[in-house]
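Reviewing the structure listed below.
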Ligand SMILES: [Zn+2]
């Protein structure tokens with residue numbers, strides 16, 4: 002699933018559409034309930050990221066809010082095989098944006114009064130300090146990995162980057178939040194921010210090559226999968242200590258860790 006770096010990549014690539022006018026909205030999925038006539042004629046004032054959401058701020062205080070979930074994509078070009086997976090097309094006075102959603106898991110919402118979801122602090126927010134992270138982590142008995150993935154506490158981190166950040170900080174993903182020391186949290190903070198920034202620099206992570214896998218708005222794969230340290234590396238040697246990476250299941254999701262340096 003696209004996480005903060007993949008969504009940030011898409012939002013940055015679409016930033017030149019600020020000021021574009023929506024001339025037509027083609028809804029190709031009858032399950033998308035959008036007030037097409039209300040959206041046509043509005044101007045995109047800004048496209049921004051809220052956690053893992055992509056928010057088109059429209060004139061008149063309206064918003065079109067896209068969440069890619071497992072397989073959704075926003076793209077400016079589409080391949081022939083993507084035509085039948087296209088759920089809407091925004092026709093702008095400067096090009097088109099396609100919403101490709103093969104497994105129909107991505108969501109599209111329309112809001113007349115702001116962003117409708119409660120999200121925790123964003124790791125790229127200047128207020129996301131080690132102290133703020135300590136407040137979130139030390140107040141919870143939940144295991145640290147699902148805690149980092151809880152969007153109501155910290156917004157934008159999912160299964161891949163939580164595993165990577167914990168490996169960098171040498172913290173066992175199963176440790177309860179309130180058992181972490183200040184020293185560990187001081188190591189975890191730059192690990193979170195660092196891995197997310199590096200992943201943005203690599204245009205995110207693409208794990209497969211099917212129509213459902215993440216790509217940027219030009220249809221190109223991300224490149225961070227080449228540098229992942231633990232995620233998806235079960236049985237391979239740890240890049241730091243050489244022990245074999247293990248996979249466990251935690252809160253229903255695969256968790257990868259090094260038994261040599263995280264336990
Ligand atoms: Zn190791």
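In the working numbering, the protein residues as written are 2 to 264. Here a beta-carbon is modelled for each residue, glycine too, at the ideal position from N, C-alpha and C.
Best match in the options for proximity to residue i [C-alpha to C-alpha]
i: residue 257; options: 205, 78, 159, 187; result: 159
i: residue 92; options: 184, 44, 32; result: 44
i: residue 67; options: 207, 96, 108; result: 108
i: residue 4; options: 262, 196, 181; result: 196
i: residue 260; options: 122, 234, 252, 221; result: 234
i: residue 211; options: 83, 64, 38; result: 83
i: residue 64; options: 36, 87, 90, 226; result: 36
i: residue 255; options: 175, 10, 169; result: 175
i: residue 157; options: 146, 236, 122; result: 122
i: residue 120; options: 144, 33, 53, 183; result: 53
Where residue i sits in the DSSP three-state scheme
i: residue 1; result: As shown, the chain starts at 2 and ends at 264. That puts residue 1 outside it, with no answer to give.
i: residue 38; result: helix
i: residue 32; result: coil
i: residue 184; result: helix
i: residue 250; result: strand
i: residue 225; result: helix
i: residue 158; result: coil
i: residue 265; result: Since the first residue of the chain shown is 2 and the last is 264, residue 265 is not available in this structure.
i: residue 190; result: helix
i: residue 146; result: helix
i: residue 140; result: coil
i: residue 106; result: coil
i: residue 207; result: coil
i: residue 167; result: helix
i: residue 11; result: helix
Chain-order list of residues whose beta-carbon lies under 8 Å from that of residue i (same chain, five-residue window excluded)
i: residue 12; result: 48, 49, 50, 55
i: residue 62; result: 113, 114, 115
i: residue 194; result: 124, 125, 129
i: residue 106; result: 70, 71, 72, 73
i: residue 213; result: 71, 72, 103, 104
Contacting residues, own chain, Cβ-Cβ under 6 Å from residue i (five flanking each side not counted)
i: residue 137; result: 154
Residue burial classification, residue i (beta-carbon count within 10 angstroms, cutoff 16)
i: residue 27; result: exposed
i: residue 76; result: buried
i: residue 140; result: exposed
i: residue 80; result: exposed
i: residue 249; result: exposed
i: residue 85; result: exposed
i: residue 252; result: exposed
i: residue 20; result: exposed
i: residue 242; result: exposed
i: residue 16; result: exposed
i: residue 190; result: buried
Identified DSSP bridge partners for residue i
i: residue 243; result: Residue 243 pairs with nothing; no bridge assigned.
i: residue 92; result: 25, 97
i: residue 49; result: 56
i: residue 74; result: 101
i: residue 19; result: Looking at the DSSP assignment, residue 19 forms no beta bridge with any residue, so it has no partner.
i: residue 112; result: 64
i: residue 258; result: 247
is_contact[residue i, chain D] using C-beta, thresh 8 Å
i: residue 44; result: Here there is only one protein chain, and chain D is not present.
Beta-carbon proximity list for residue i, same chain, < 7 Å, skipping 5 on both sides
i: residue 224; result: 203, 204
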